[in-house]
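These protein sequence lines are chains A and B, in that order.
The opening position of the first sequence corresponds to residue 1 in UniProt numbering, with each subsequent residue numbered one higher.
The opening position of the second sequence corresponds to residue 1 in UniProt numbering, with each subsequent residue numbered one higher.
A short worksheet on the structure shown next.
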Amino acid sequence: MSMAQQAEPAATTPPAPGPEKQKDGRTARRPLALRLLARPEVGVFLGAVAVLVFFLFAAPPVRDGGSMANILYQSSTIGIMALPVALLMIGGEFDLSAGVAVVTSALTASMLSYQLTLNVWVGVVVALLVSLAVGFFNGWMLVRTGLPSFLVTLGTFLILQGVNLAVTKLVTGNVATDSISDMDGFDQAKALFASSFEVGGVQVKITVIWWLVFAALATWVLLRTKYGNWIFAVGGNKESARAVGVPVTFTKISLFMLVGFGAWFVGMHNLFSFNTVQSGEGVGQELIYIAAAVIGGCLLTGGYGSAIGPVFGAFMFGMVQQGIVYAGWNPDWFKAFLGVMLLGAVLINLWVQRTATRR
Amino acid sequence: MTDKTTGTDGAVRTDTPAGEDRPLVELRAAGKSYGNIRALHGVDLTVHPSKVTCVLGDNGAGKSTLIKIISGLHQHTEGEFLVDGEPVRFSTPREALDKGIATVYQDLAVVPLMPVWRNFFLGSEMTKGPWPLRRLDIERMKRTADEELRNMGIVLDDLEQPIGTLSGGQRQCVAIARAVYFGARVLILDEPTAALGVKQSGVVLKYIAMARDRGLGVIFITHNPHHAYMVGDHFNVLRLGTLELSADRSEVSLEELTNHMAGGAELAALKHELAQVRGVDTEELPEDGALRAPTAATPEGKS
């Protein structure tokens with residue numbers, strides 16, 4: 001039935017069906033393995049399994065439940081940020097300011113609560129507003145000027161990095177904020193952002209749960225809602241998307257604000273688990289998030305990817321980072337591993353894109 | 001537009017008898033300037049239901065500017081633009097779509113990496129459920145897309161395949177089927193045959209005729225007079241931003257159209273120039289009369 005492509009009402013092109021059969025007919029479904037591999041998250045899933053198995057053999061301590069909880073915790077702090085970064089990337093942009101934005105958010109909450117002696121929740125809410133505003137600014141600048149996101153967010157990155165340091169020194173006279181552990185509302189906030197619970201005798205951080213909840217939510221939004229459809233469309237072909245009535249400006253700006261939300265959440269986690277914030281931190285983290293998204297099968301140029309992929313991408317990062325320590329190797333190797341993983345992922349992506357668009 | 005209550009057929013059929021003489025879309029002395037560059041000037045154009053209005057012109061003649069005005073990507077800076085007899089000024093393509101004016105662009109018709117059915121419903125997705133859980137009605141969308149495509153004679157096994165894997169002609173057809181489904185009354189086709197081979201072009205021309213028979217007003221932009229003459233009811237030739245020719249099918253022959261399109265006078269001058277430059281034996285070049293017909297057959301053969 002499938003071969004009949006244009007053959008049926010072929011009034012104007014009587015000899016058409018012959019040669020067009022091979023060109024247009026898609027009778028033979030591609031082999032299952034190939035179709036599976038074309039899913040954005042399958043490559044990274046296999047990669048994550050490979051890394052896990054490797055370290056299970058190479059580093060015996062990894063087999064312990066406590067170590068695994070620790071690895072998952074490491075992965076979750078990267079993973080929570082990698083999710084909105086991945087959505088943004090599918091939407092065709094990326095955000096270099098994501099790393100320092102985490103610190104900005106934590107600093108805002110910390111200094112506001114401490115210096116004005118307010119309930120920490122006030123700081124938490126204001127920090128959320130600030131983070132969303134930073135995201136909005138990124139998106140708005142991008143949409144208004146039409147500049148590439150590299151330039152716009154590089155600007156924001158530098159601004160935030162400077163502001164973080166300068167304002168912290170100005171306000172506290174120090175490069176770190178004061179501990180807020182005895183402030184009103186601290187315990188509640190800590191319970192939400194940085195507590196841990198016990199599963200079978202193993203302490204698991206709550207961020208692991210948040211990470212998986214956000215990932216499930218992001219997957220649902222991406223694949224099952226209008227907004228998710230728009231994300232793919234604005235990343236895949238902005239002009240077509242606009243021409244068929246997709247609100248491109250709204251989609252782009254909201255994606256940047258989503259990264260702002262992620263930065264706020266991770267910032268709050270950092271603040272409530274360490275009680276204090278180092279103002280110079282966060283530089284370089286943005287690349288880790290982007291790398292986790294790319295390893296997770298998101299196309300840097302947009303229009304392709306998943307929310308589950310970056311979960312495995314972040315897990316690979318956490319696994320390698322901790323695995324090297326558990327194996328007793330020099331942790332300096334971590335970045336080298338990272339590079340290899342990233343290049344491998346990029347090559348797979350390239351191949352996938354070519355396979356997917358091949359006639 | 002999540003529901004097909006504003007279906008094509010209903011909307012169009014009721015429109016046709018009453019508005020037979022009233023154009024769906026009309027431009028009166030319309031023009032557009034970008035700063036001090038006048039891209040389009042004094043263009044009159046009417047689009048009637050069940051008629052194909054062809055707009056022909058060389059590169060840079062103002063074809064793109066013209067469709068951008070009608071499709072809502074740009075605003076006209078002079079003259080009038082009427083839809084159903086009412087003056088309008090669109091600021092987004094969405095507004096044009098809401099008036100039933102759909103545009104199928106040559107290159108930017110689809111998002112290549114997205115599945116066929118997602119492309120079909122992009123921007124007008126069907127949803128179900130209350131707000132916080134409002135989600136895509138994937139089953140219904142796939143079924144509808146498949147049905148609509150089959151109605152247009154396009155049979156695809158797998159609507160999950162990225163639309164980029166389809167051939168150029170099929171992609172055009174999907175885009176046309178989409179526009180027809182979403183209740184377009186006016187269909188603007190931006191050089192739908194330009195990048196296609198001979199057979200593929202034939203397929204697209206067939207869908208243009210099909211859309212016309214369903215009661216749509218079609219604006220067919222092309223620089224191939226042969227394609228235009230196969231389906232066109234009215235022909236407009238643009239040159240340097242102004243209308244050079246506006247004629248009904250009864251008033252113009254294919255040869256005249258080709259001649260207008262190729263620019264008869266310019267061609268003669270070119271022939272003269274060629275003779276000087278390369279010392280071409282002008283005796284061997286075809287005479288003016290013979291020159292007309294074949295000229296248009298060749299330039300479009302870029303498949």
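Note that beta-carbon positions come from the ideal geometry of N, C-alpha and C, so glycine has one too.
None of these values were measured; they are calculated from a predicted model.
Grab the span of the beta strand (DSSP E) containing residue i for me, first residue to last.
| i | result |
| --- | --- |
| B:K32 | 25-34 |
| B:R38 | 37-47 |
| B:L187 | 186-190 |
| A:E198 | 196-199 |
Since residue i is in the alpha helix (DSSP H), which residue starts that stretch and which ends it?
| i | result |
| --- | --- |
| A:I288 | 285-295 |
| B:Q106 | Segment: none, B:Q106 is in no alpha helix (DSSP H) and carries neither H nor E. |
| B:I163 | Element bounds for B:I163: n/a, residue is neither H nor E. |
| B:F81 | It is not in any alpha helix (DSSP H) - B:F81 instead sits in the beta strand (DSSP E) that spans 78-83. |
| B:K99 | Careful: B:K99 lies outside any alpha helix (DSSP H) and carries neither H nor E. |
| B:L257 | 254-262 |
| A:E239 | 238-243 |
| B:S64 | 63-71 |
| B:F120 | 116-121 |
| B:M230 | 225-231 |
Per DSSP, which residues does residue i bridge with? Please list them.
| i | result |
| --- | --- |
| B:L245 | B:V237 |
| A:T145 | None, per the DSSP bridge assignment. |
| A:K205 | A:S196 |
| A:F214 | The partner list for A:F214 (beta bridge, DSSP) is empty, contrary to what the question assumes. |
| B:V218 | B:V52, B:L187 |
| B:R135 | B:K128 |
| A:Q278 | A:A176 |
| B:E86 | B:V83 |
Determine, using beta carbons only, whether residue i and residue j come nearer to each other than 8 Å.
| i | j | result |
| --- | --- | --- |
| A:A345 | A:V294 | yes |
| B:L166 | A:G236 | no |
| B:D58 | B:H234 | no |
| B:T46 | B:E26 | yes |
| B:R185 | B:G100 | yes |
| A:A292 | A:I78 | yes |
| A:S110 | A:I159 | no |
| B:G168 | B:L24 | no |
| A:M268 | A:F136 | no |
| A:S279 | A:V175 | yes |
| A:W121 | A:A189 | yes |
| A:V103 | A:G282 | yes |
If you measure from the beta carbon of residue i to each beta carbon in chain A, is any gap under 8 Å?
| i | result |
| --- | --- |
| B:R171 | no |
| B:Y34 | no |
| B:R212 | no |
| B:I139 | The amino acid at residue 139 of chain B is misidentified as Ile; the sequence shows Glu. No - not a single Cβ of chain A is within 8 Å of the one on B:E139. |
| B:L136 | yes |
| B:L122 | yes |
| B:L187 | no |
| B:E148 | no |
| B:T103 | yes |
| B:P132 | no |
| B:T127 | yes |
| B:M114 | yes |
| B:R249 | no |
| B:A11 | Note that B:A11 has pLDDT 38, beneath the 50 cutoff, so the model's placement of it is unreliable and the number below is only indicative. So, not an interface residue. |
| B:V110 | yes |
| B:L97 | yes |
| B:R143 | no |
Assuming residue i and residue j make a contact with CB atoms under 8 Å, what is their CB distance in whole Å?
| i | j | result |
| --- | --- | --- |
| B:R135 | A:T225 | 6 Å |
| B:L97 | B:V88 | Actually they do not touch by this definition, with Cβ atoms about 13 Å apart. |
| B:P192 | B:Q106 | 7 Å |
| A:I90 | A:Y304 | 7 Å |
Of all Cβ atoms in chain B, is any one closer than 8 Å to the Cβ of residue i?
| i | result |
| --- | --- |
| A:G123 | no |
| A:N229 | yes |
| A:S306 | no |
| A:A241 | yes |
| A:R354 | no |
| A:R26 | Residue placement at A:R26 is poorly supported in this model, since its pLDDT is 44, which falls under 50; the coordinates still yield a value, given next. Taking Cβ atoms only, chain B reaches closer than 8 Å to A:R26, which makes this a yes. |
| A:F232 | yes |
| A:P335 | Before going on, a small fix: residue 335 of chain A reads as Lys here, not Pro. Not one chain B Cβ lies under 8 Å of A:K335. |
| A:R224 | yes |
| A:G245 | yes |
| A:G91 | no |
| A:N237 | yes |
| A:G297 | no |
| A:G303 | yes |
Going by the C-beta, is residue i closer than 7 Å to any heavy atom of the ligand MN?
| i | result |
| --- | --- |
| B:L159 | Here there are no bound small molecules, and the ligand MN is not part of this structure. |
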